[in-house]
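Encoded as structure tokens, the structure appears first; notes follow it.
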Amino acid sequence: MVMRMNTLKPADGARKERTRVGRGIGSGLGKTAGRGHKGSFARSGKGKIKAGFEGGQMPMHMRLPKVGFRSKLKNDTAEVMLYQLDRLEGEIDFAALRAAKLVPSKAKRAKIVKKGEISKKLVLKGVLATAGARAAIEAAGGSVEGEPA
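Counting in UniProt numbering, the sequence shown runs from 1 upward without gaps.
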């Protein structure tokens with residue numbers, strides 16, 4: 001069987017005809033057109049209720065107590081990738097990372113994350129490091145000393 005564009009039609013029941021309201025008493029949807037009598041829903045353009053509105057009663061989100069805490073010190077730890085340390089030499093501390101512009105000015109501490117490889121022997125002082133990053137640095141002959149104050 002060949003499919004032709006002029007013979008295409010939607011499946012049975014896929015397209016439903018629109019109900020025509022307000023077309024006389026015999027249709028069953030005459031007079032008030034299924035909107036009932038009076039009130040905001042009977043008027044045109046007035047049948048919307050805002051989300052959370054409870055008919056003038058104090059809404060649930062205002063009745064319930066507010067709980068929880070949100071810290072203002074969200075992103076105070078900067079992440080530095082392992083491969084970025086290849087640019088640096090010798091002992092690396094937080095000041096050296098900031099001088100190399102690997103840490104933004106808002107950060108209060110830095111953490112080395114294992115992403116990429118490292119080939120140099122580096123000594124980290126006062127900088128956090130993940131277990132994988134620490135292992136990679138030590139495998140390259142370097143060391144991680146102390147934790148930040």
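Just so it is clear, CB atoms sit at the ideal spot from N, CA and C, and this is done for glycine as well.
Beta-carbon proximity list for residue i, same chain, < 7 Å, skipping 5 on both sides
i      : result
Ala96  : Leu88
Gly141 : Lys121
Residue span of the alpha helix (DSSP H) that contains residue i, given as start and end
i      : result
Ile137 : 131-139
Ala51  : Counting along the chain, Ala51 falls outside any alpha helix (DSSP H), and DSSP gives it neither H nor E.
Arg87  : That residue, Arg87, is in no alpha helix (DSSP H); it is neither H nor E in DSSP.
Arg63  : 60-63
Backbone secondary structure at residue i - three-state DSSP
i      : result
Leu122 : coil
Leu128 : strand
Ala33  : coil
Ala42  : helix
Ala78  : strand
Lys14  : The sequence shown places Ala at residue 14, rather than the Lys named in the question. It is coil, neither helix nor strand.
Met5   : helix
Ser71  : coil
Residue range of the beta strand (DSSP E) that includes residue i
i      : result
Ala110 : 109-113
Same chain, Cβ closer than 8 Å to residue i, neighbours up to 5 away in sequence not counted
i     : result
Leu82 : Ile112, Val113, Lys114, Lys115, Gly116, Glu117, Ile118, Ala133, Ala136, Ile137
Phe53 : Pro59
Ala42 : Thr32, Arg35, Gly36
Ile25 : Lys31
Arg23 : Leu29, Gly30
Identified DSSP bridge partners for residue i
i      : result
Ile92  : Leu124
Ser143 : Val123
Same chain, Cβ closer than 6 Å to residue i, five either side skipped, listed in chain order
i      : result
Leu102 : Val80, Gln84
Ala129 : Ile112, Val144
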